[in-house]
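Asks: In our numbering, the protein residues as written are 1 to 364.
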């Protein structure tokens, strides 16, 4: 998702002023809120597993830096790092996501073609924006599926997107029925190419383009994330070179076998990312994207060697934000209402005054 965060502005992490005025939480009872969070997460995961033929597996809390298994995101973020007490020369990292680990896990668990895995991922992102839709704490359903090389096309990508979106839609229906919330998602999702969007709205920012399409269609899959335009600027948003394939041509036009699931958030009056996903790189595509990103040194890491020598299978995968789902489903003004986190103390005071109550110690 293209960001709206502008750290040069004071109190940049607050929701829009018009949202904070006269805000009333959908659920005010703390235990009822926890029941709602559980319902959202369990319903969605069950629907996701049913629709996409994946099974739940356990996941690591930290990875060895030398393994290359950590997700590099945009390549500039710092991981939370520590050393075991008696092994100070060892560097362990709390992962940003399980994008690479999951592909290895399909090999490790010997998952057959057509089946996949999902993990309940918890991580830290020290350099993330801390605002009303982002936090230092990351919780998401990290999933990956074993596919064939013939499946590496935009039709298979779209088919999978529809399966995931159906799980989102059904979850909203269940939550709406249980807690008396009006459902707002359309039955079907619309596919938008970032290449075509750039041509149609060349003078708009990435966030503005997302808003235009999401407000019109309510639910979109924004295809083609990562890589640069001819002038060297980002085509839409950044992606690491070693998991999503953002350079292969699509039959529908444009490049990139990846994208983001975005919905229109009527409370926040803006596009709202629920998922980032894509068909993963082949060895050939990995080499090309590493070269484009000046990251050839990664070829010497364990994970990259396993991909380049053919050990790791072809896959499609992504992550669906758990707190994002909950924030959207419960019409919350701030992500801190549905997860335990840390927020700017000055902003916390203002949020409290505006009846936006953060969960747990987030209020301190």
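Just so it is clear, CB atoms sit at the ideal spot from N, CA and C, and this is done for glycine as well.
CB-CB under 6 Å to residue 81, same chain, minus the five flanking residues each way: which ones, in chain order?
Replies: A distance below 6 Å between beta-carbons, with the five flanking residues on each side excluded, links residue 81 to the following residues of its chain, in chain order: 91, 93.
Asks: So residue 250 and residue 154 are in contact, right, with Cβ under 8 Å, and what is the actual spacing, rounded?
Replies: Right, the Cβ-Cβ distance comes to about 4 Å (below 8 Å), so this counts as a contact.
Asks: With H, G and I counted as helix, E and B as strand and the rest as coil, what does DSSP make of residue 337?
Replies: Here residue 337 sits in helix by DSSP.
Asks: Skipping 5 residues on each side, what residues in its chain have a beta carbon closer than 8 Å to that of residue 109?
Replies: 57, 117
Asks: Can you list, in chain order, the residues of its chain with a C-beta nearer than 7 Å to that of residue 178? Leave out the 5 residues immediately preceding and following it.
Replies: 39
Asks: For residue 192, which residues does DSSP report across the bridge?
Replies: 222
Asks: Helix, strand or coil, according to DSSP, for residue 137 in the structure here?
Replies: strand
Asks: Shortest alpha-carbon distance to residue 104 belongs to which of 307, 323, 326?
Replies: 307
Asks: Rounded to the nearest angstrom, what separates residue 286 and residue 224 at their Cα positions?
Replies: 16 Å
Asks: Secondary structure at residue 90, three-state DSSP: helix, strand or coil?
Replies: coil
Asks: In chain order, what residues of the same chain lie with their CB nearer than 6 Å to the CB of residue 41, ignoring the 5 residues before and after it?
Replies: 322
Asks: Decide if residue 270 is buried, meaning its Cβ has at least 16 other Cβ atoms within 10 Å, or exposed.
Replies: buried
Asks: Mapping DSSP to helix, strand and coil, what is residue 248?
Replies: coil
Asks: Leaving out five residues on either side along the sequence, give the residues of the same chain with a beta carbon under 6 Å from the beta carbon of residue 127.
Replies: Answer for residue 127: 77, 78, listed in chain order.
Asks: Starting from the Cα of residue 353, find the closest Cα among 9, 7, 24, 12 and give me that residue.
Replies: 24
Asks: Between which residues of its own chain and residue 346 is the CB-CB distance below 8 Å, once the five residues before and five after are set aside?
Replies: 11
Asks: Give me the residue from 291, 280, 289 with the minimum Cα distance to residue 312.
Replies: 280
Asks: Excluding the 5 residues preceding and the 5 following residue 388 in the sequence, name in chain order all residues of the same chain whose CB lies nearer than 6 Å to its CB.
Replies: In the structure as shown, the chain starts at 1 and stops at 364, and residue 388 therefore has no counterpart that could be examined.
Asks: What does the Cβ neighbour count give for residue 85, buried or exposed, with the cut at 16 atoms within 10 Å?
Replies: exposed
Asks: Taking residue 296 as the reference, which of 26, 14, 68, 47 has the closest Cα?
Replies: 68
Asks: DSSP on residue 260, reduced to helix/strand/coil?
Replies: strand
Asks: Whose CA, out of 146, 165, 98, lies closest to the CA of residue 124?
Replies: 98
Asks: Using DSSP bridges, identify the partner residues of residue 363.
Replies: Per DSSP, none; premise fails for residue 363.
Asks: Alpha carbon to alpha carbon, what distance is there between residue 173 and residue 166?
Replies: 11 Å
Asks: Where does the unbroken beta strand (DSSP E) through residue 56 begin, and where does it stop?
Replies: Run containing residue 56: 54 to 57, per the beta strand (DSSP E) assignment.
Asks: If you measure between the beta carbons of residue 219 and residue 189, is that distance less than 9 Å?
Replies: yes
Asks: Give me the Cβ distance between residue 100 and residue 243, rounded to the nearest whole Å; I'm assuming they're in contact under 8 Å.
Replies: That belief holds up - the Cβ atoms of residue 100 and residue 243 are roughly 6 Å apart, short of 8 Å.
Asks: How long is the line joining the alpha carbons of residue 50 and residue 317, rounded to whole angstroms?
Replies: 16 Å
Asks: If you compare alpha carbons, which of 83, 255, 45 is closest to residue 170?
Replies: 45
Asks: Skipping 5 residues on each side, what residues in its chain have a beta carbon closer than 7 Å to that of residue 111?
Replies: A distance below 7 Å between beta-carbons, with the five flanking residues on each side excluded, links residue 111 to the following residues of its chain, in chain order: 117, 146.
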